[in-house]
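Per full-length UniProt numbering, numbering through the sequence shown is continuous, rising by one, with the last residue being 151.
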Amino acid sequence: MTRILMVCLGNICRSPLAHGIMQSKLPEDLFYLDSAGTAAYHIGNAPDKRSIAVAQQNGLDISGQSARQFKVTDFDAFDIIYAMDQSNYSNIISLARHTDDKKKVKLFLEANSSVENKNMPDPYYGEQDGFKYVFKLIDETCDILVKELIH
Numbered sequence: 001m002t003r004i005l006m007v008c009l010g011n012i013c014r015s016p017l018a019h020g021i022m023q024s025k026l027p028e029d030l031f032y033l034d035s036a037g038t039a040a041y042h043i044g045n046a047p048d049k050r051s052i053a054v055a056q057q058n059g060l061d062i063s064g065q066s067a068r069q070f071k072v073t074d075f076d077a078f079d080i081i082y083a084m085d086q087s088n089y090s091n092i093i094s095l096a097r098h099t100d101d102k103k104k105v106k107l108f109l110e111a112n113s114s115v116e117n118k119n120m121p122d123p124y125y126g127e128q129d130g131f132k133y134v135f136k137l138i139d140e141t142c143d144i145l146v147k148e149l150i151h
């Protein structure tokens with residue numbers, strides 16, 4: 001089973017959406033998905049209500065997810081760790097114990113050649129339109145990644 005972790009800053013906006021979207025596209029008997037944040041701001045909280053709303057508008061229920069902080073043992077528990085932006089990528093890499101840990105970490109939008117800026121925008125301080133845009137970008141990138149993961 002391939003274990004995939006999606007990571008953003010607080011684990012309430014981008015990574016819960018990436019977790020839910022990717023989970024909906026991969027066979028659950030072959031893939032395990034989870035999400036985390038590099039910061040401890042929202043531990044135990046459900047995803048942002050705007051993330052839950054945009055997911056529901058697209059037929060997904062992410063309301064049962066619970067925010068948690070990325071920890072060093074996640075390098076052992078996961079095969080692939082997708083960071084939503086360069087800042088979170090750097091934070092994860094700084095916790096890596098060795099080269100094998102670092103090899104597991106990828107910038108999520110690197111897979112999407114149609115996107116110039118590889119930093120997934122953080123919609124937290126914006127309006128619902130930002131969440132809709134992030135959902136679309138994550139959905140599009142997950143489609144690309146699924147083709148890579150299921151060859």
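Note that the Cβ used here is the ideal one computed from N, Cα and C, for glycine as well.
What you are looking at is a predicted structure, and each value in this text was computed from that prediction instead of being measured.
Buried or exposed by the 16-neighbour rule on C-beta atoms within 10 Å, applied to residue i
| i | result |
| --- | --- |
| residue 56 | exposed |
| residue 16 | buried |
| residue 5 | buried |
| residue 41 | exposed |
| residue 14 | buried |
Beta-ladder partner(s) of residue i, from DSSP
| i | result |
| --- | --- |
| residue 31 | 2 |
| residue 39 | Note: residue 39 sits in no beta bridge, so no partner. |
| residue 69 | 37 |
| residue 106 | 82 |
Start-to-end residues for the alpha helix (DSSP H) that takes in residue i
| i | result |
| --- | --- |
| residue 111 | First-last for residue 111: undefined, no H or E at that position. |
| residue 55 | 49–57 |
| residue 144 | 128–149 |
| residue 18 | 14–25 |
| residue 74 | 74–77 |
Rounded distance between the beta-carbons of residue j and residue i, thought under 8 angstroms
| i | j | result |
| --- | --- | --- |
| residue 7 | residue 83 | 5 angstroms |
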